[in-house]
Structure formats: C-alpha cells, structure tokens
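>
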Amino acid sequence: MSNVEFIAPTSPEQAAKALLAGGPGARPLGGGTDLLVQLRSGRLPAGLIVDLKRIPEAIGIRQDGGAFVIGASTPGITLSEHKALGLAWPGVVEATNLIGSTQVQGRASMAGNLCNASPAADSVPALVAARATCLIVGPDGRRTATVESIAVAPGKTSLAPGEFVLEIRLPARPGRSGDAYLRSIPRTEMDIAVVGAGVNLTLDAAGVITEAHVALGAVGPTVILATAAAAALVGTKADEAALANLDAAARAACNPISDKRGTAEFRTKIAGVLARRAATIAYGRAEKR
Amino acid sequence: MSDVLERRDAAPLDDGHLKVVGTRPVRPDGADKVTGKAMYGADLAMPGMVVGKILRSPHAHARIVSIDTRKARALPGVKAIVTAADFPDLASEEFEAGESAGNLRDLSQNVMARHVVLYDGHAVAAVAATSSSIADEALALIVVDYEVLPHVTEVEAAMSPDAPVLHAHMFTQGLAVTPDKPSNIAKRNELTRGDLAAAFAEADVTVEGRYTTAAVHQGYIEPHACVASYAADGQCQVWSSSQGQFMIRTYCAKVLNLESSNIRVTPAEIGGGFGGKTTVYLEPVALALSRQCGHPVKMVMTRDEVFRASGPTSAGVMTVKLGAKADGTITAADVVLKFQAGAFEGSPVGAGSMTALACYDIPNFSIVGYDVVTNTPKVAAYRAPGAPISAFAVETAMDELAAKLGMDPLALREKNAVRDGMKASYGPVFKNIGYVETLEAIRSHPHYTAPLGPNQGRGLAVGFWFNIGGESTAAVNINEDGTAVVISGNPDIGGSRASMAMMAAEVLGLPVEKVRPIVADTASIGFSMLTGGSRTTFATGMAVTQASQKIVEDLKRRAAMLMDVSVDQVDWVDGVAVCRDASKGKADLSLAHIAEKSGQTGGPIGAQVSLNAQGAGPGFGVHLCDVEVDPETGHVTVLRYTAAQDVGKAIHPAYVEGQIQGGVAQGVGWALNEEYIFDRTGHMENAGFLDYRVPVASDLPMIDSILVEVANPRHPFGAKGVGEVPIVPPLAAVGNAVSAAIGKRLTDLPMAPPKIRAAIDAG
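Protein chains in written order, with our numbering: chain W, 8 to 296; chain R, 52 to 814.
1) Is the shortest distance between the beta-carbon of W/M197 and the beta-carbons of chain R less than 7 Å?
2) Please return the same chain residues whose Cβ sits closer than 6 Å to the Cβ of R/P439, not counting the five positions on each side in sequence.
3) R/L56 to R/G668, Cα distance in whole Å?
4) Alpha carbon to alpha carbon, how far is R/A209 from R/V168?
5) For the region 746-773 of chain R, enumerate the residues whose C-beta is nearer than 8 Å to any C-beta of chain W, in chain order.
6) Measure how close the beta-carbons of R/G560 and R/D625 come, nearest whole angstrom, since I'm counting them as under 8 Å.
7) So is R/R107 in contact with chain W if we call contact Cβ pairs under 7 Å?
8) Tell me whether R/T120 sits in a helix, a strand or coil according to DSSP, three-state version.
9) 7 Å is my cut-off, CB to CB: does W/V280 come that close to chain R?
10) Contact between the region 258-270 of chain R and the region 712-723 of chain R is defined here as three or more beta-carbon pairs at a separation below 8 Å; is this criterion met?
11) Using a C-beta to C-beta distance shorter than 8 Å, which residues of chain W count as neighbours of R/R548?
12) Which chain W residues are close to R/T684, counting only those with a beta carbon under 7 Å from its beta carbon?
13) Can you give, in chain order, each stretch of the alpha helix (DSSP H) that sits fully within the region 70-142 of chain R and has at least 4 residues?
14) Please report the straight-line C-alpha distance between W/L36 and W/G29, rounded to a whole angstrom.
15) For R/A125, count neighbouring Cβ atoms within 10 angstroms of its own Cβ and tell me buried if that reaches 16, exposed if not.
16) Taking one C-beta from the region 731-751 of chain R and one from the region 806-813 of chain R each time, how about it: are there three or more such pairs within less than 8 Å?
17) Just list the beta strand (DSSP E) runs in the region 545-623 of chain R, keeping only unbroken ones of 3 residues or longer that don't cross its boundaries, in chain order.
18) Have a look at R/L69 and R/W623 and give me their C-alpha separation to the nearest angstrom.
19) Please confirm whether R/P805 has its beta-carbon closer than 7 Å to some beta-carbon of chain W.
20) Counting contacts by CB-CB distance shorter than 7 Å, is W/R194 in contact with chain R?
21) Under the rule that 16 or more other beta-carbon atoms within 10 Å means buried, what is R/E679, buried or exposed?
22) Can you tell me whether R/I85 is buried or exposed? The criterion is at least 16 other CB atoms within 10 Å of its CB, across all chains shown.
23) When the Cα atoms are used, what is the spatial distance from R/A803 to R/L662?
24) I want to verify the contact list: residues of chain R whose CB lies under 8 Å from the CB of W/T140, in sequence order.
25) When you compare only the Cα positions, how much space is there between R/D54 and W/L43?
26) Indicate whether the contact test is met: 3 or more Cβ pairs, each with one atom in the region 584-598 of chain R and one in the region 636-654 of chain R, closer than 8 Å.
27) Could you check what DSSP says for R/M405 in three-state terms: helix, strand or coil?
28) Beta carbon of R/S404, beta carbon of R/S365: below 7 Å?
29) DSSP has R/L511 in a bridge; who is on the other side?
30) Along the region 24-54 of chain W, what residues have a CB closer than 9 Å to any CB found in chain R?
31) Would R/H110 and R/V199 be called neighbours here (beta carbons separated by less than 7 Å)?
32) Could you tell me which of W/A256, W/P181, W/S165, W/T270 sits nearest to W/T229, measuring between CA atoms?
33) Let me see if you follow: with CB-CB separation under 7 Å, is W/F75 close to chain R or not?
34) Let's see if you can read the secondary structure: which residues bound the alpha helix (DSSP H) around R/P318?
35) Spell out the partners DSSP gives W/R149 in its beta bridges.
36) Among the residues of its own chain, which have a CB less than 7 Å from the CB of W/R274, if the five just before and after it don't count?
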C-alpha cells in the first residue's frame with residue numbers, strides 16, 4: 008500500500024468534493040477496519056483515504072423524537088454503551104457488536120459495515136429489518152435512501168462518485184416492538200457470518216404481531232428483505248405454526264452460493280432456523296416493552 | 052491436580068523430599084514476554100539492514116520456462132535478487148534431524164524452486180530492497196514464464212495410476228519389486244505380527260471403517276522471521292526464530308555449501324513452533340541475498356505465506372478393521388494409512404504406523420502406510436507427527452467396537468492395554484509405562500460418571516507418543532556471588548528455561564531465583580539437537596543435572612581444601628558444605644562463600660556436559676470429552692474436557708498442565724474446524740486466521756489435566772516427555788463425543804457444522 012494519500016476534512020461537503028476529485032481510488036474511511044485490511048492485502052488499489060471521523064455529524068448518536076441518528080464513523084463500542092438505543096433496538100446493537108473483536112469494536116462502524124457491501128455484514132440484516140435509512144452526501148447535495156438499496160452486489164454499492172453515507176437513521180417505533188439478530192459461525196466469536204437473520208416485530212395489546220420485517224444475510228449476493236417470511240408472522244403470536252411458516256418462507260427467499268464457509272444447502276436450512284429463533288427472541292423483547 | 056498413583060522404579064534423585072522440582076515458580080522468561088520486551092524473530096534491527104521478500108508461485112504445478120529479473124534489478128533501491136541459480140544444485144542425500152528426516156535436494160528445492168514449482172506458494176525468486184514497498188514493487192517486476200502442468204492435491208487421487216506425476220525420479224520404495232514406472236507414492240511401510248486372516252476368521256465381532264483427516268497447520272502465532280548477515284570474509288550471522296539454532300546452522304551450511312564454523316546462529320525468542328519450526332524456509336535465502344549485496348537482510352513471512360508455504364501436517368485417508376472375542380479381547384487389527392506428504396516425500400506416516408496400535412496388546416495385526424506426494428506445501432513436523440491422524444482412525448474404530456460389543460469404551464481399553472514387559476507393536480519391550488494408571492485416573496475421575504443432558508455426548512480416546520532423548524549440551528557456571536547460570540542450546544518453546552533452572556537449583560541446593568537459565572547461540576555452547584520430540588526436559592535436563600552434579604563434586608573438593616579436611620569428610624546439604632566430623636569444629640561453608648574464595652581453590656567454578664541421552668520414556672494420554680450438538684445448526688459446544696497423562700515426573704507442574712491444555716486446544720481445532728481448502732486450480736482458499744479456524748478462547752471449556760506420575764528411572768528426576776502426547780487423543784475424543792451426541796457415526800474431519808447438519812438430515 009505505497010503512495011496512499013490521507014485527508015481528514017471537517018465538513019461533509021469537503022469530503023464529497025475530495026472523494027469526487029480522487030476518482031475511483033478514493034475511499035471514505037469510517038473506522039477503517041475493512042478498508043485498511045483491503046489496502047494492505049492489495050485487494051483495493053492504493054489511492055486517497057478520506058477520513059470521516061473529523062466531521063462532527065459523522066460521530067455520535069443523536070435522538071430525534073423517537074428516532075436515532077447514528078453518525079457514519081460512530082464505533083460499535085459507542086452503540087453498546089448507549090442505553091436508550093439498546094432498549095429500542097437491541098437487535099441492531101447486538102448485530103453491530105458481533106463484528107470483530109473488542110479492539111475492532113473500538114473502530115468499526117455500522118456505515119462502514121454497510122458500505123463494504125459484503126452480503127455477510129452482521130449489522131445490515133438488523134438494519135434492513137429495522138427499516139433504517141441512510142443520509143447520503145454527495146457532490147450534488149444530500150439525499151435519503153433505504154439501507155437495502157446501498158449494496159447492489161458483493162463489494163459494490165449504488166453510491167455515485169463522490170457520495171458517501173453520513174448518517175444512519177433508525178425510525179421512531181411504537182411500544183411493544185422488539186428486534187433481534189442471530190448469525191451462524193463455526194466458532195463462538197471472531198468470525199464472519201455463514202448465515203445471518205434479523206427480525207423486527209411490533210405487537211398489539213393482545214400480543215398479535217401487527218408489523219414484521221425479516222432480513223437474511225449471506226444467503227444471496229446482497230442482504231435479502233424477506234417479505235413473504237415477514238408476512239408469515241403478521242397476525243400471529245409467533246406460535247409454532249407461524250414459526251414453521253416463517254422457516255419455510257425464509258428458506259424460499261434464499262439464493263446462496265456454496266463456498267469455503269458453507270454449502271448452499273446448509274445456508275438455506277440455517278436461514279430458516281435462525282429466522283425462527285430470532286423471531287422468538289424479538290417477540291419476547293416486544294412483549295416486555 | 053497431581054495424583055501420584057503408583058511409584059515403581061524410583062528416579063535416582065527423587066528421594067521424595069524434593070525442594071524445587073515439582074513446585075510452580077514464576078517462569079524466568081515471563082516478565083519479558085508479558086511486557087513485550089522479549090526479542091522475537093522479527094524484532095531485531097541492524098544498521099544498513101535491507102528487506103528481503105519472496106516471489107511465490109501462483110500455480111500448483113508448473114514448469115519454470117524462464118525468470119527475467121532485469122526490470123526488478125533496475126528499480127532504484129533494489130539491492131539483490133536471487134533465484135535457484137544462486138544456490139548450489141544439490142544431489143539427493145538423506146539426513147536425520149531429530150524427529151524429522153529428509154533429503155537435502157528436496158530441502159534445497161523447497162527453499163527455492165528449481166525448474167519446476169510444485170505448489171501454490173512455492174518460492175521462485177527473492178529480492179532485497181531498501182524498503183518493504185520497493186521490495187513489493189520489485190517482486191511485481193519479476194517476469195516468470197510458467198508452463199502450467201496438471202496438478203493433484205488429494206492423497207488418494209495422487210495415488211491413482213493416471214495422476215500427474217510430481218517427480219520423475221520417484222519409484223515407490225518398500226515394495227517387493229521396485230516398480231518400473233515413477234509414481235507419487237514415495238514409500239510403502241509395513242508392520243505385521245501373527246496371522247491376521249486366521250485371527251479375523253475366529254473373531255466373534257468385527258468392525259470396519261474408513262476415516263479421513265484434513266491437512267492442518269501448526270498455527271503458531273509468530274510467522275517465520277530472520278535476519279542474516281554475510282560478511283566479506285565469509286563469516287555469517289543468523290538471528291532467527293526456530294526450534295533449533297544448530298538445525299538452522301546445519302541446514303544453512305548444507306543448502307549454501309558453507310562451513311559450520313563460518314555460521315553463527317543466535318536463537319530469537321520463539322512465538323510457537325509445534326514442530327513447524329524444525330526446518331528452514333527463509334534463512335538460506337536471506338544469507339544468499341546478503342552475500343550478494345553485503346547488507347544484513349531481514350525477512351518476515353506474512354500469514355498468507357505461513358499458510359501457503361510452511362507447515363502443515365498431512366491430510367490422511369485411513370481404513371481400520373478390528374476383530375475381537377465376545378469378551379472384548381482384541382485379536383486382530385488391519386490398518387492402512389495413506390498420508391499426504393506435500394510437494395516432497397516425508398509425511399509422518401512411519402510414526403503414524405508405529406503409534407497406531409501402540410496402546411494395545413494385539414496378537415495379530417498389519418499396519419501398512421503410504422507416503423504420498425501432492426501439489427501442496429511440503430508437510431512439516433506437527434506435535435507428535437502422524438500420531439493424531441492414525442489415532443483418530445483407530446480410536447474411532449475402537450469406539451465402534453465397544454458399541455458393537457456392548458462394552459464400556461474404557462473397559463475395552465483396559466482389557467487390551469499394554470503393560471510393562473509387553474512387546475510394543477512397533478518393536479521394543481515396554482518398561483516403566485504408566486498407561487494402566489492413566490486409564491484408572493480417568494475411571495476414578497468424577498467426569499467419568501457425570502450425567503449428560505439432551506443432545507450431549509461423551510467421547511473417550513487414548514493416545515501414545517514415543518518421546519525421545521538425543522544429543523544435548525549444557526553448561527553450569529557459578530558466579531562470584533554464589534548465584535548460577537545454566538546455559539543450554541535448546542530454544543524454550545514450552546517452559547524449558549524454568550525446568551532447566553529448577554533441576555540445577557535442586558542439585559546445587561540453591562533457590563531457583565538464584566539460577567539464571569540462558570539459551571545460547573551456536574558459538575557459545577556445544578551442539579544440541581533441536582527442541583522437538585518432547586526431548587528437552589528429558590535430555591537437556593539430564594545434561595543440566597549432570598553438569599550441576601559435577602559442580603557439587605567440585606564444590607565439595609574446594610570446601611575440603613578450605614576446611615583442610617579430606618573430601619570424603621564433606622557433605623553437600625541444601626547448598627552448604629558440611630563437615631561430617633562435628634568434633635573437628637569446622638564451620639559450614641555456603642556456596643556463596645566457596646564461590647568468593649574460588650581463586651584460592653582452583654579458579655572459576657563451572658562444568659559442561661555433552662551427552663546423547665538414552666532411555667526416554669514413552670507417554671500415554673487418556674482423554675474424556677463432553678459435547679453438546681445443536682441439532683438444527685450442527686454447531687458443537689465442547690462442554691467438558693478431562694485429560695490424564697503419564698508424565699513421569701512433572702518438573703514444573705503448571706507448565707506440564709499448560710502443555711496438556713495446549714495440545715487439547717489444538718486437537719479440538721483439528722477435530723472441529725481446521726482444514727486446508729484448495730480450489731480447483733490448487734490455490735489455497737483460506738490462507739489466513741479468518742477462514743482457517745483455530746479455536747478461540749470462548750470455544751473451549753477449562754481443560755482439566757490430571758498428571759499421573761510413574762517415574763522414568765532413566766531420568767535423574769523421573770521425567771518423561773510431555774508436550775506431544777496431549778494432541779494425540781483429542782481428534783477421536785471429540786469425534787466420538789459428537790457421534791454419541793447425534794446418534795450417528797461421523798468419520799471425517801473436520802466435523803464442521805455443515806457436515807454435522809447434513810449427517811443429521813441423512814437420517
């Protein structure tokens with residue numbers, strides 16, 4: 008990684024300008040836990056690093072009514088220490104905290120995890136299930152997009168030249184809501200999801216699910232928003248029959264590959280299992296709020 | 052926990068009242084290691100030093116048509132470039148080195164490919180440059196024209212008659228008739244006893260299975276690293292992390308055709324080896340680069356290089372057939388072992404064959420082993436080389452036999468256990484072995500009868516390793532203040548500094564803190580074989596003990612001079628010279644006092660002993676493992692693990708327990724997740740710790756180690772080697788537990804979640 012240029016602008020507009028001027032070799036740096044590894048290994052050509060950490064909006068968690076706005080460079084450890092966020096979105100927080108080691112958590116950011124565009128990114132299924140949105144800054148100003156619209160293929164995003172994600176917004180939500188994220192790895196930590204499943208539920212007073220979102224990771228080229236799987240839960244109390252339907256619908260939504268981390272067959276089966284288990288946890292959390 | 056279960060022949064110096072040996076002092080190298088001050092292979096820097104890097108083959112098998120280094124040489128900052136043309140073209144010559152044997156031509160051609168590359172990652176050229184990035188640029192400018200050849204990575208595929216042949220000169224050895232066509236089977240070996248066919252015919256019960264293990268890496272944390280400097284007068288210095296500075300010296304001398312007296316090798320601190328640092332990869336290359344440019348050259352492998360071009364141990368394909376009487380007496384065993392050697396011959400199939408049935412007294416058996424070359428990295432020794440692989444097959448078959456007989460797996464082992472006086476399957480007669488005591492230690496442990504929950508299973512397996520002695524040198528010098536220095540030539544990879552200091556302290560009668568153990572360079576101490584084969588505490592410990600005894604004799608002689616009595620009047624008691632005849636009124640003389648007066652009694656006090664230690668005692672381990680399997684995801688949780696081992700005498704029990712726990716941890720990884728994965732082109736797909744999955748701390752329970760002490764009377768304190776036995780049983784202990792948990796027999800490693808879930812679904 009010779010001849011890498013590094014700048015740390017203090018405004019989003021400066022950052023967008025620099026990224027545009029830097030061409031294809033220019034990269035925004037959230038926490039750097041993916042970017043630096045990719046530069047060192049030669050997978051990314053050396054170019055310009057635009058550090059976002061000096062931009063005030065890129066750091067920290069702000070509450071906006073019932074919504075949470077999370078700066079692009081906010082490290083995972085900050086999420087885990089934010090009480091209100093943990094109560095509202097335990098699934099999003101636990102998903103983000105699964106990334107890497109304690110040391111990595113001191114740097115790794117959700118926006119970086121999202122824009123790295125890996126189908127196995129742990130925070131993304133939880134964010135998609137949460138119906139989170141992104142504030143994108145670019146040379147032409149600011150726009151908002153859904154989280155699931157960012158990654159278009161492994162390692163590829165829909166961001167235009169000069170664009171970067173400045174904030175992630177978790178929407179306000181009613182009471183009796185809960186979310187959960189589970190992943191399958193061969194070990195207990197320090198690994199990459201072979202399958203991931205995020206589930207986000209809202210219940211009515213009687214415990215019937217009124218709204219459900221299910222997202223699956225590492226079972227397709229991008230994270231899958233499994234609408235039929237979610238539909239299997241709406242109108243139920245996440246009883247055994249509903250969970251079996253969820254399991255089947257989640258499996259039907261999968262389109263995985265076989266690789267060194269797992270076979271397509273295994274991934275598909277586990278997606279159903281994890282969706283079911285995550286739904287049960289999310290339901291339990293929703294009942295308590 | 053230390054259970055002394057039985058004392059048969061006592062060790063010469065163990066009177067039951069040892070003061071230092073058997074205690075748990077802080078390790079003398081500990082402070083430097085935990086504060087980051089210890090100097091590992093990559094830590095040395097020298098004035099004028101340049102960076103060396105290796106260009107590696109992207110092909111699993113190819114002919115090198117040409118190598119054009121002109122553009123790289125022209126790059127400013129590039130100081131030297133070497134290829135095979137810069138190394139002597141060595142003829143085939145066998146050598147012996149500790150646990151491993153090999154061929155100098157193969158060693159040389161593994162260090163730098165000549166005419167042909169045999170695996171993805173094989174070194175083809177090396178550069179030295181003034182910076183790491185210039186060295187990288189230079190590598191990219193070297194143009195190698197390859198003619199890609201068909202390749203083979205799997206052991207059985209390589210044995211097939213139509214497989215691509217790696218070496219035109221390889222004609223299978225060990226057959227009745229040497230074949231007239233070359234093949235990838237380097238060697239066939241065989242061990243037999245009795246009449247196998249008749250025994251199977253008379254057996255009441257037989258079991259038969261096919262078992263496979265994947266290639267796994269030793270997984271040491273520290274990558275290979277060295278600094279080498281070749282002076283204008285031909286004198287060479289090497290600083291490197293290895294399991295033997297004398298091994299490095301010998302191999303550098305052979306590969307570069309130099310004289311040993313011109314090479315001085317200083318051992319760096321070693322960040323793990325497990326057998327994988329018993330050979331050379333970088334040192335001769337760094338010397339060749341330094342010779343060309345005159346600068347000291349530093350080389351440090353990346354993790355990717357460590358995986359692709361060093362280690363691993365063999366993948367194995369095994370069949371085992373066992374025959375037994377209804378009462379559990381095993382009458383027949385037929386074992387076939389096919390081990391992957393990698394690019395050059397020399398898999399550990401010989402040791403795998405010798406250890407396969409070593410725990411059992413079986414009247415009729417056949418063990419046949421095949422050493423098979425493949426287009427994968429040349430295997431290196433890995434902790435009890437070969438034994439875990441064959442033990443996985445035999446111990447899994449034993450579990451099946453116990454089930455078929457309706458017999459307790461431990462009772463089946465007890466019924467067929469080897470004991471003192473029995474002839475081992477590999478030849479010698481057992482003496483002072485503690486196997487039965489080790490089985491008993493597990494039987495009487497609470498773990499053995501603890502209840503299991505749903506989806507849980509318990510697995511038992513046993514294991515054996517020879518342990519070796521061999522050539523060692525040690526020196527002990529007494530300082531003028533009465534403290535001592537112990538100098539040895541064995542890198543400390545398992546706490547050997549502590550055990551050396553403890554044995555010397557015990558003999559000298561000093562507190563262990565007064566004894567400073569040092570690992571010296573090749574010019575500062577006599578020859579020692581490398582640290583391997585679980586030999587150091589036994590063999591080098593014997594040299595240290597004898598040197599210390601010589602010093603005690605000398606101290607008594609000097610005390611007698613100072614007291615003006617005859618030497619037979621002086622006893623050495625707890626570090627003090629005491630005159631036997633109290634009526635003479637002679638004051639006791641401390642070691643410090645005698646040291647202070649050494650100028651009056653003959654000068655400095657020191658002794659060196661060089662020996663070839665004989666009588667190493669073999670070790671046995673019995674392991675018990677509980678797992679829980681998630682039937683939906685196929686995930687395995689290791690719930691509980693108990694390992695009992697006959698250790699002879701634990702010099703430092705905490706480090707012996709550490710050896711056992713470390714061996715188990717590596718074995719659990721081997722059983723559950725570790726494997727080399729190659730794509731269709733023969734490129735390793737998981738050359739990093741992300742996708743090559745060693746266990747992390749949270750994957751393991753506390754591993755309970757039971758030290759069984761049946762003394763080896765051939766060692767002054769009764770020690771047996773301990774470092775290798777503990778990796779032998781875990782593969783089958785874990786595998787048998789997983790099979791018990793899911794109610795289905797699994798026979799292939801690693802038992803990763805996809806494999807387990809598929810087995811459960813197969814019904």
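No residue lacks a Cβ here, since even glycine has one placed at the ideal position from N, Cα and C.
This one's a predicted model, so the numbers in the text were calculated from it and none came from an experiment.
According to the structure shown:
1) Counted from its first residue, the first sequence places residue 197 of chain W at position 190. True, the Cβ-Cβ gap to chain R drops below 7 Å.
2) The residue you call residue 439 of chain R lines up with position 388 of the second sequence. Excluding positions up to five away in sequence, the list reads I778, V779, L782.
3) Reading the second sequence from its first residue, position 5 is the one you call residue 56 of chain R. Reading the second sequence from its first residue, position 617 is the one you call residue 668 of chain R. Interpretation of R/L56 is limited by its pLDDT of 45, a score under 50 that renders its predicted location unreliable; the figure taken from the coordinates is listed afterwards. Roughly 17 Å between the two C-alpha positions.
4) Translated into positions along the second sequence, residue 209 of chain R becomes position 158. Translated into positions along the second sequence, residue 168 of chain R becomes position 117. Going from the Cα of R/A209 to the Cα of R/V168 covers about 17 Å.
5) P746, V747, S749, D750
6) Taking the first residue of the second sequence as 1, we reach residue 560 of chain R at position 509. Taking the first residue of the second sequence as 1, we reach residue 625 of chain R at position 574. Rounded, the Cβ-Cβ distance is 5 Å, consistent with contact.
7) On the second sequence, position 56 is the one that residue 107 of chain R refers to. So no, R/R107 is outside the interface.
8) Walking along the second sequence from the start, residue 120 of chain R turns up at place 69. Of the three classes helix, strand and coil, the one that applies to R/T120 here is coil, per DSSP.
9) Translated into positions along the first sequence, residue 280 of chain W becomes position 273. Chain R, which has a Cβ nearer than 7 Å to the Cβ of W/V280, makes this yes.
10) yes
11) By 1-based counting over the second sequence, the position of residue 548 of chain R is 497. Within 8 Å Cβ-Cβ: nothing; R/R548 doesn't reach chain W, min ~30 Å.
12) As a working mapping, residue 684 of chain R is identified with position 633 in the second sequence. The answer, in chain order, is S191, I277, V280.
13) 81-85, 121-125
14) Taking the first sequence and counting its residues from 1, one reaches residue 36 of chain W at position 29. Taking the first sequence and counting its residues from 1, one reaches residue 29 of chain W at position 22. Rounded to the nearest angstrom, the two C-alpha atoms are 14 Å apart.
15) Mapped onto the second sequence, residue 125 of chain R falls at position 74. Under this definition R/A125 is an exposed residue.
16) no
17) 566-570
18) In the second sequence, counting from the first residue as 1, residue 69 of chain R sits at position 18. In the second sequence, counting from the first residue as 1, residue 623 of chain R sits at position 572. Roughly 15 Å separates the two Cα atoms.
19) Looking up residue 805 of chain R in the second sequence gives position 754. So yes, R/P805 belongs to the interface.
20) As a first step, residue 194 of chain W is located in the first sequence; it is residue number 187 there, counting from the start. Closer than 7 Å: yes.
21) Counting from 1 along the second sequence, the entry for residue 679 of chain R is found at position 628. R/E679 comes out buried.
22) Position 34 of the second sequence, counted from the start, is the residue given in the question as residue 85 of chain R. It is worth fixing the name first, because residue 85 of chain R is Val in this sequence and not Ile. So R/V85 ends up on the exposed side.
23) By one-based count along the second sequence, residue 803 of chain R stands at place 752. By one-based count along the second sequence, residue 662 of chain R stands at place 611. Rounded to the nearest angstrom, the two C-alpha atoms are 47 Å apart.
24) As a first step, residue 140 of chain W is located in the first sequence; it is residue number 133 there, counting from the start. Near W/T140 there are no residues of chain R at all, since even the closest Cβ is about 31 Å away, more than 8 Å.
25) Here the question's residue 54 of chain R lines up with position 3 in the second sequence. Here the question's residue 43 of chain W lines up with position 36 in the first sequence. For R/D54, the predicted structure reports a pLDDT of 46, less than 50, and the residue's modelled location is therefore unreliable. A value from the coordinates is still provided. Spanning the two alpha carbons is a distance of roughly 52 Å.
26) no
27) By 1-based counting over the second sequence, the position of residue 405 of chain R is 354. In this structure, R/M405 counts as helix in the three-state DSSP scheme.
28) Reading the second sequence from its first residue, position 353 is the one you call residue 404 of chain R. Reading the second sequence from its first residue, position 314 is the one you call residue 365 of chain R. No, the pair does not count as a contact, with Cβ atoms beyond the cut-off.
29) One-based indexing of the second sequence puts residue 511 of chain R at position 460. Its beta-bridge partners are R/L675.
30) S48, G49
31) For the purposes of this step, residue 110 of chain R is taken as the residue at position 59 of the second sequence. For the purposes of this step, residue 199 of chain R is taken as the residue at position 148 of the second sequence. Result yes, Cβ atoms of R/H110 and R/V199 sit closer than 7 Å.
32) Within the first sequence, numbered from 1, the residue matching residue 229 of chain W stands at position 222. Minimum Cα distance to W/T229 is reached at W/S165.
33) As a first step, residue 75 of chain W must be located in the first sequence, where it is residue number 68. It does not: the Cβ of W/F75 has no partner Cβ on chain R nearer than 7 Å.
34) The count along the second sequence starts at 1 and reaches residue 318 of chain R at position 267. Taken as a continuous stretch (DSSP letters only), R/P318 belongs to no alpha helix (DSSP H), being part of the beta strand (DSSP E) at 314-318.
35) As a working note, residue 149 of chain W is residue 142 in the first sequence. Paired residues: W/V144.
36) Working through the first sequence from its first residue, we reach residue 274 of chain W at position 267. Excluding residues within five positions, the ones whose Cβ falls inside 7 Å are V201, V202, A225, V226, C261, P263.
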